[in-house]
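Engineer: Take 130 as the starting number for the sequence shown in my numbering and just add one per residue.
Glycine included, every Cβ here is placed at the ideal spot set by N, Cα and C.
All values reported here derive from a predicted model rather than from experimental measurement.
Right, I'll just put the structure down here and ask away after.
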Amino acid sequence: MNDGAAPDEARGWRAKLFGRMLHSYFVLTRSMTMGVRAACFDKEGRLFLVRHSYVAGWHMPGGGVERHETVEQALTKELREEGNLVISGRPQLFHVYFNNRISKRDHVVFYRVEVEQTAPRKPDLEIVESGFFSTDALPPGTTKATYRRLKELEGDAPPSNYW
Numbered sequence: 130m131n132d133g134a135a136p137d138e139a140r141g142w143r144a145k146l147f148g149r150m151l152h153s154y155f156v157l158t159r160s161m162t163m164g165v166r167a168a169c170f171d172k173e174g175r176l177f178l179v180r181h182s183y184v185a186g187w188h189m190p191g192g193g194v195e196r197h198e199t200v201e202q203a204l205t206k207e208l209r210e211e212g213n214l215v216i217s218g219r220p221q222l223f224h225v226y227f228n229n230r231i232s233k234r235d236h237v238v239f240y241r242v243e244v245e246q247t248a249p250r251k252p253d254l255e256i257v258e259s260g261f262f263s264t265d266a267l268p269p270g271t272t273k274a275t276y277r278r279l280k281e282l283e284g285d286a287p288p289s290n291y292w
């Protein structure tokens with residue numbers, strides 16, 4: 130799945146710098162930040178995950194909500210950009226979380242969606258790997274937040290108010 134992307138060591142300082150610059154931009158341009166994420170399932174019930182260049186681990190796809198953009202527009206855009214994914218049917222709003230690990234003003238709107246992939250996602254500077262995985266065989270490095278959200282979706286844990 131790496132297909133020629135730079136090794137982790139070579140990306141390290143650039144990825145951290147990019148992440149800090151991106152967060153600084155949002156701090157300067159928004160009084161409150163809001164993002165979207167989704168548990169994206171294909172027809173086989175597999176979960177789509179991405180691995181970014183600028184943050185460790187495998188995550189559910191998502192991103193920031195821009196000015197003059199609805200949450201669902203942001204969701205559609207982010208899934209297309211991060212996975213070449215198209216939503217089948219209606220997105221199911223699951224919960225809104227306060228993401229205090231990022232800042233004191235970040236919120237995540239979380240959806241469950243059924244998706245189809247129009248083409249495999251090629252690695253680039255932002256997304257170094259992506260793919261569909263069985264929920265009982267997620268890749269090593271899958272984040273704790275991803276596991277928590279899946280337990281909540283399955284009804285094995287009540288939704289937390291914190292990401």
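What are the boundary residues of the beta strand (DSSP E) that arginine 241 is part of?
Structural biologist: Unbroken beta strand (DSSP E) run through arginine 241: 235-246.
Engineer: Pairing CB atoms from the segment 202-211 with CB atoms from the segment 271-284, are three or more of them under 8 Å?
Structural biologist: no
Engineer: Pull up the distance between the alpha-carbon of threonine 271 and that of serine 160, whole angstroms please.
Structural biologist: Rounded to the nearest whole angstrom, the C-alpha separation of threonine 271 and serine 160 is 30 Å.
Engineer: Kindly provide the ranges of any beta strand (DSSP E) runs that are 3 or more residues long and lie completely inside the segment 151-210, ordered along the chain.
Structural biologist: 162-170, 176-181 and 191-193
Engineer: Could you give the residue range of the alpha helix (DSSP H) that holds arginine 277?
Structural biologist: 273-282
Engineer: Return the CA-CA distance between phenylalanine 239 and serine 232, expressed in angstroms with no decimal places.
Structural biologist: Between phenylalanine 239 and serine 232, the alpha-carbon positions lie close to 18 Å from each other.
Engineer: Return the bridge partner residues of phenylalanine 227 from the DSSP annotation.
Structural biologist: His236 and Tyr291
Engineer: What number of angstroms, rounded off, separates the C-alpha of leucine 146 from the C-alpha of leucine 254?
Structural biologist: 13 Å
Engineer: Quick check: is any heavy atom of the ligand SAH less than 7 Å from the C-beta of glycine 191?
Structural biologist: Only the bare structure without any ligand can be found here, which leaves the ligand SAH out of the picture.
Engineer: Helix, strand or coil for leucine 146, going by three-state DSSP, please let me know.
Structural biologist: Annotated three-state conformation of leucine 146 is helix, per DSSP.
Engineer: Excluding the five sequence neighbours on either side, which residues of its own chain have a C-beta within less than 6 Å of the C-beta of methionine 180, listed in chain order?
Structural biologist: The amino acid occupying residue 180 in the given sequence is arginine; methionine does not appear at that position. If the five residues before and after arginine 180 are omitted, its C-beta is found closer than 6 Å to the C-beta atoms of Trp187, Val257 and Glu258, all from its own chain and listed in chain order.
Engineer: Rounded to whole angstroms, what is the Cα-Cα separation between aspartate 171 and valine 244?
Structural biologist: 5 Å
Engineer: For glycine 193, which option in Arg143, Arg250, Ala144 and Val237 has the closest C-alpha, if you only look at C-alpha atoms?
Structural biologist: Val237
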